[in-house]
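Below is one structure, written out as structure tokens; comments come after it.
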Amino acid sequence: MTPRPTRLRPLSDLELESYDHLDPDLARKVRVAKIPLLPGRYVGVTLGPLVVLQTDEPVDGTSALLAHELVHVRQWQQQGPLRFVTGYLGAFASELWRCRRWNQAYRAIPAEVEARSEATRWAQRRHRRHDHEPD
Ligand SMILES: [Zn+2]
3 MTPRPTRLRP LSDLELESYD HLDPDLARKV RVAKIPLLPG RYVGVTLGPL VVLQTDEPVD
63 GTSALLAHEL VHVRQWQQQG PLRFVTGYLG AFASELWRCR RWNQAYRAIP AEVEARSEAT
123 RWAQRRHRRH DHEPD
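Numbering of the sequence shown is given in this note's numbering, commencing with residue 3 and proceeding in unit increments.
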């Protein structure tokens, strides 16, 4: 039976094993929702342990987008909602003021820089583990 994404789901066993950059106790609290239309160009948004995705991501632990969003789950948990949201929006606003470019400002938010680099390291570890297997 092929696992299929549902509208609101916990991480599968394969995902819990694969996304080892997130604490397992926290990973078990995560719920993933699929919403076809998110505002703007967002493909994923994280609100605490809730990860909202616009796309049908694979549920077998191979989604780089989900790996990225799970870093935000940890950031939310470490910083708390108020500090995360104010820090995130504050960084975005000041960067946008400085560079006047929406996408560049978004990419410069420290939480995004961290999520990108951690998701990249996760993907590199994953490829090393699986480089003897066809992908
Ligand atoms: Zn992000």
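Think of the CB as a built atom: it goes at the ideal place given N, C-alpha and C, for glycine as much as any other residue.
Open item on the list: Taking the alpha-carbon of Val75 as reference, which of Asp15, His129 and Glu120 has the nearest alpha-carbon?
Closed with: Glu120
TODO: Closer than 8 Å by C-beta to Leu2: which residues in its own chain qualify, once you throw out the five before and the five after it? Chain order, please.
DONE: As displayed, the chain neither begins before 3 nor continues past 137, which places residue 2 out of reach and without an answer.
TODO: Assuming Gln81 and Gly92 form a contact by the criterion Cβ under 8 Å, report the distance between their Cβ atoms to the nearest whole angstrom.
DONE: Not really, about 12 Å apart at Cβ, beyond 8 Å.
Open item on the list: For the pair the segment 58 to 66 and the segment 105 to 119, tell me if three or more CB-CB distances fall below 8 Å.
Closed with: no
Task: Status (buried if at least 16 other CB within 10 Å, exposed otherwise) for Ala95 - done: exposed
Open item on the list: Quick check: the Cα distance between His132 and Val34, rounded to an integer number of angstroms?
Closed with: 25 Å
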